[in-house]
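In this note's numbering, the protein residues as written are 4 to 808. Okay, so here's the structure we're looking at.
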């Protein structure tokens, strides 16, 4: 490639001196052909080198990210107390990018460009040594000046990296705490903090950019002195016959070409400096010893029964503050201990030390006589389960989260990954039933769209529907409006009544229908335009008046089909109607008023009244809709046929074949129980449950309530059947019924699983074998519930709110 880059220069000289001056057409064609071939080879070679460079860089970046991420997730929890997630994200995704780029350039760029630089320099010396040396005299100055400026830029680059991390941390903190910001109206506080950080970053970046651009400017200035020297000195030589004109042209071209490798070397130097700063900063940030490996030397699995003994356990953090002091107690296998105490007494810290989340600094914690510090982490994970007050639910499906602890306990290497067997569906369902989350999973399964539901369910959907209708009869008819072709459906909107069909997105369907003239013609043919415009105007006017009234801007009327986001558009229309007599509505404005009317549900939005005779007209027009042949439009809606499934609708809606008249819990529970019983009879319940386990829990479980997250967290720990269960206020978000269910489950664990529970509801601790009252990091009282209440000490004060006399 280096040779190919020099050849065009020599060809330029020969084309002028030997072909053009001597008027030799054959030489001109030959030299031009060689020139073109050399340029083609150079371009192709450059492409290959760049691709290879990118591939090496990407591979290096992939390896660095992989290794660093593996190191980060193995760091002790104490590290993450002082490190914001934004720093981790910025380090992995941004700061390592420059190191990857440098890795790709590390070999190809310096070698190819130094060789090219030497080749061009040699060629210039061959053309005319004195002229070449006069140009080379510039470069020592650049070699001295550029590193000086780069040193200044490096200092600012370090500050830029640190400030960027602070900005990333601030963004992460604000997004994580967005609920607190919203509820306290603290957006202005967060804006001020963010503005101050980015202002500081802006200032640093400006100074850093100044030095970076200064390096380029200095380099460009001295490089551009080259042509000046060539013109002055070279021109003098040509005029005195000491240098041929072709050589002069070749010299100019070579001098310009000399700048390309020099420029790339300068850029490489800057990339190296930037990568060095970022890489060192990143490695320094995470230069913390990881927790010991999950497994050590291969050995036989030990049997764990669940006996725990704590002796003078203490935990002191780096700042010298003692969070735990001389904690001692023992539990036999299968015994249950409740830890109580005021906030900050050390309950959660103690449980986390037992779970080996933090390394206690003094004393001893033994599990079946084995010091926990000396146990392999994989053994501890397999036999011990930890459930926090605010369990983290990972993005993905229910089953992904349910299997999380079980999979982690059984997969420690690639061999385990290949041999790992998922627990049976019965065991999955059992763990969900224990916590009461199975009902939620069934509901998720019923919400699955018909086309995506299990085959067993889709094949029996009509049978289950008919059995539901026959079973329910008049019992639940007051809660359900069944689809009836001959009746007006008050809990369906007007469009669904007109077409006797359903749509997953009614608003989008209406917008699509408005694009077809046949739909407006259909409404006009059945004299529906005028009454629907009257109804739409009534809905829009009342809704707009409410939305635009002072104090109501942040509220929404639940009983109106008009969204608050559309209020200004309708207000503008009514302003035109009020100021212009005999205003003639355009097609778009007519559709705008028809839309809320078509979305109107008489049974729900009863504050608006339907024009007289509209119901009768709608029923009369219904029979004509099925005669339409426009497939594009009719495909937007699913016809309601009792003997056919409703495509695009959920399994629940397919079975119900109607609309619920109320959202009260009792009627809905009755309907759900009836559907579940019918699913059992048709042997479809497990299929629905399996579909429900595929439900997407959202980003960090946002699609689940707090109680559902806790139930799922308990279920995923139960699935691996640990001998010791640590519960850190694990039921704080549960309602009374669910709380009682977990309490009954814990009763069945006695004698089988050792339990230590940090308890927030003191009415549940009577059933524990022992109660530990913590105060200032110590066990202030320890005994049975009855014993401690008789003593009228700390537990008595916590339960009654009264101090002992």
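C-beta: ideal position from N, C-alpha, C; glycine also.
C-beta atoms of residue i and residue j nearer than 8 Å
i, j, result
"residue 246", "residue 131", "yes"
"residue 128", "residue 122", "no"
"residue 404", "residue 719", "yes"
"residue 713", "residue 292", "no"
"residue 314", "residue 288", "no"
"residue 692", "residue 445", "yes"
"residue 144", "residue 271", "no"
"residue 690", "residue 460", "yes"
"residue 716", "residue 390", "yes"
"residue 664", "residue 423", "no"
"residue 11", "residue 42", "yes"
"residue 620", "residue 530", "yes"
"residue 640", "residue 452", "no"
"residue 402", "residue 64", "no"
"residue 491", "residue 669", "no"
"residue 788", "residue 662", "no"
"residue 120", "residue 218", "no"
"residue 660", "residue 450", "no"
Residue i - DSSP class collapsed to helix/strand/coil
i, result
"residue 599", "helix"
"residue 731", "strand"
"residue 297", "Caution applies to residue 297, whose pLDDT of 49 falls short of 50 and renders its modelled position unreliable; the value that the coordinates give is listed next. Residue 297 falls in the coil class under three-state DSSP."
"residue 87", "coil"
"residue 846", "Given a span of 4 to 808 for the chain in the structure shown, any question on residue 846 remains unanswerable."
"residue 551", "coil"
"residue 387", "strand"
"residue 73", "helix"
"residue 788", "helix"
"residue 455", "helix"
"residue 530", "coil"
"residue 699", "strand"
"residue 332", "strand"
"residue 589", "coil"
"residue 706", "coil"
"residue 221", "helix"
"residue 795", "coil"
"residue 125", "helix"
"residue 661", "strand"
"residue 778", "strand"
"residue 339", "strand"
"residue 147", "helix"
Neighbourhood of residue i by C-beta distance below 6 Å, restricted to the same chain and skipping five residues each side
i, result
"residue 728", "388, 756, 758"
"residue 312", "333, 369"
"residue 255", "233"
"residue 760", "341, 730"
"residue 60", "103, 104, 106, 107"
Cβ-based neighbour list, residue i, same chain, cut-off 7 Å, excluding 5 preceding and 5 following
i, result
"residue 596", "536, 539, 540, 543"
"residue 317", "325, 327, 328, 329, 363, 364, 365, 366"
"residue 497", "600, 601, 603, 621"
"residue 558", "Here the model assigns residue 558 a pLDDT of 47, short of 50, so the residue's position is not dependable and the matter cannot be decided."
"residue 426", "409, 722"
Burial state of residue i, where buried means 16 or more other Cβ atoms lie within 10 Å
i, result
"residue 397", "exposed"
"residue 356", "buried"
"residue 251", "buried"
"residue 582", "exposed"
"residue 770", "exposed"
"residue 301", "In this prediction, residue 301 has a pLDDT of 48, which is less than 50 and means its spatial position is unreliable; nothing more can be read from the coordinates."
"residue 646", "exposed"
"residue 652", "buried"
"residue 509", "buried"
"residue 428", "exposed"
"residue 456", "buried"
Q: Specify whether the region 84–95 and the region 163–174 touch according to this definition: at least 3 beta carbon pairs, one from each stretch, less than 8 Å apart.
A: yes
Q) Three or more beta-carbon pairs under 8 Å between the region 597–610 and the region 564–571, yes or no? A) yes
Q) Should the region 227–246 be regarded as contacting the region 193–210, the criterion being three or more beta carbon pairs within less than 8 Å? A) no
Q.
Three Cβ pairs or more, each shorter than 8 Å: is that satisfied between the region 17–32 and the region 61–78?
A. no
Q: Inspect the CB distances between the region 270–282 and the region 324–333 and report whether three or more fall short of 8 Å.
A: no
Q: Kindly confirm or deny that the region 499–515 and the region 573–592 touch, where touching means at least three C-beta pairs closer than 8 Å.
A: no
Q.
Under 8 Å: do the region 434–444 and the region 680–689 share three or more Cβ pairs, one atom per stretch?
A. no
(Q) Across the region 784–803 and the region 377–384, are there enough close Cβ pairs to call them in contact, namely three or more that are closer than 8 Å? (A) no
Q. How do the region 438–457 and the region 735–751 stand: do at least 3 beta-carbon pairs fall below 8 Å, yes or no?
A. yes
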